[in-house]
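Asker:
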Amino acid sequence: LRKAGFTDEVIAEATGYAETADEEILKARAMFRERMDAHKVVCNEEAEKVRAVGGLFICGTERHESR
């Protein structure tokens, strides 16, 4: 959305759920929705590939250290 010329404030409003009549925010919301839908398709395809090979396994300890 930044590449399309929207300000950070408009982007914040566009990704939210508050009602608005501002045309710029509505335009940004439509663009955001289109891009999210496209990314969801890709993510869902990749998720299926991961599930097909056995899914994800989380290996951890009881400690919450980053080392």
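My numbering applies: residue 4 is where the sequence shown begins, and numbers increase by one.
Glycine residues also receive a C-beta, built at the ideal position from the N, C-alpha and C atoms.
1) Just checking my contact of V13 with E22 at CB under 8 Å: how many whole Å lie between their CB atoms?
2) Check each candidate in R32, A24, A41 and name the one with the smallest Cα separation from F9.
3) Quick one, which of G57, D25, R54, T18 has its alpha-carbon nearest M39's?
4) Which residues bound the alpha helix (DSSP H) around V53?
Answerer: To lay it out plainly:
1) V13 to E22, Cβ: 15 Å. No contact.
2) R32
3) T18
4) V53: member of the alpha helix (DSSP H) spanning 26 to 55, first to last residue.
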